[in-house]
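Colleague: Can you keep this structure in mind? I'll have questions shortly.
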Amino acid sequence: MNPLFFLNRSELSQIRLFRTSDGILHLEQEGKSFARVTLIRSFPYTMPDRFISVRSAEGREFAMIQDLKLLAEDSFQAVREELDRNYMIPVITQILTVRKRGSEWHLQVDTNFGPAALVMDNLHENIQPVTESRWMVTDNEGRRFELSDPGQMDPRSRRYWKKLV
């Protein structure tokens, strides 16, 4: 079993992350090859590009990438594609309707992936701030949506947002 190692600034220049022709992510470091690696964000909302866990095909963590920005461009692109694929979170671009029915809140929204309908019981539990201008919205089915900078949304969406928070 390999001990966990942190990939610091100097070590990041010595690794290569890439996809093979069959689309599988691999890591090479100093002549060692790790096939079918998976990447897990340690802090997916607050530090999405830092502290990325690298795991073997069996799920064992063997490395930690402290900062993606320090990777070579080709490795950075391979990692970015993999993380985007695994951490797809729709971004709410417009709030179309907000209705309260009994104890439930019903929202119709547009996202960067198309329209969505959300149902939430408790707004205080389902809408959580990540930063001053960014929120995670979780519906009753556990689906997560990001809402960034509501001040930049259209006037109707801003009115609805103020009603919710």
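The sequence shown: position 92 = 117 (the numbering used here), numbered continuously. Just so you know, even glycine gets a beta-carbon here, dropped at the ideal spot from N, CA and C.
1) Would residue 137 be called buried (16 or more neighbouring beta carbons within 10 Å of its own) or exposed?
2) Going along the chain, which residues of its own chain have a beta-carbon closer than 6 Å to the beta-carbon of residue 63, five neighbours each way excluded?
3) Can you grab the Cα-Cα spacing for the pair residue 59 / residue 155, in whole Å?
4) Label residue 77 either buried or exposed according to how many other C-beta atoms from any shown protein chain fall within 10 Å of its C-beta, with 16 as the threshold for buried.
5) Using 8 Å for Cβ pairs, my map puts residue 143 next to residue 162. What's the rounded Cβ distance?
6) Can you name the residues that DSSP bridges to residue 153?
7) In chain order, which continuous runs of the alpha helix (DSSP H) of length 4 or greater are located wholly inside the stretch 59 to 114?
8) Just mark residue 148 as buried or exposed, buried being the case when its beta carbon has 16 or more other beta carbons within 10 Å.
9) Give the straight-line distance between the Cα atoms of residue 53 and residue 112, rounded to the nearest whole angstrom.
10) Would residue 104 be called buried (16 or more neighbouring beta carbons within 10 Å of its own) or exposed?
11) What does a CB cutoff of less than 7 Å around residue 45 pick up in its chain, not counting 5 residues either side in sequence?
12) Roughly how many angstroms lie between the CA atoms of residue 106 and residue 124, to the nearest whole one?
13) According to DSSP, is residue 168 part of a helix, a strand, or is it coil?
14) Write down the C-beta distance between residue 122 and residue 133 rounded to the nearest angstrom, noting that I regard them as a contact closer than 8 Å.
Modeller: Looking at the coordinates:
1) exposed
2) 80
3) 34 Å
4) buried
5) 7 Å
6) 161
7) 98 to 111
8) exposed
9) 24 Å
10) buried
11) 51
12) 37 Å
13) coil
14) 4 Å
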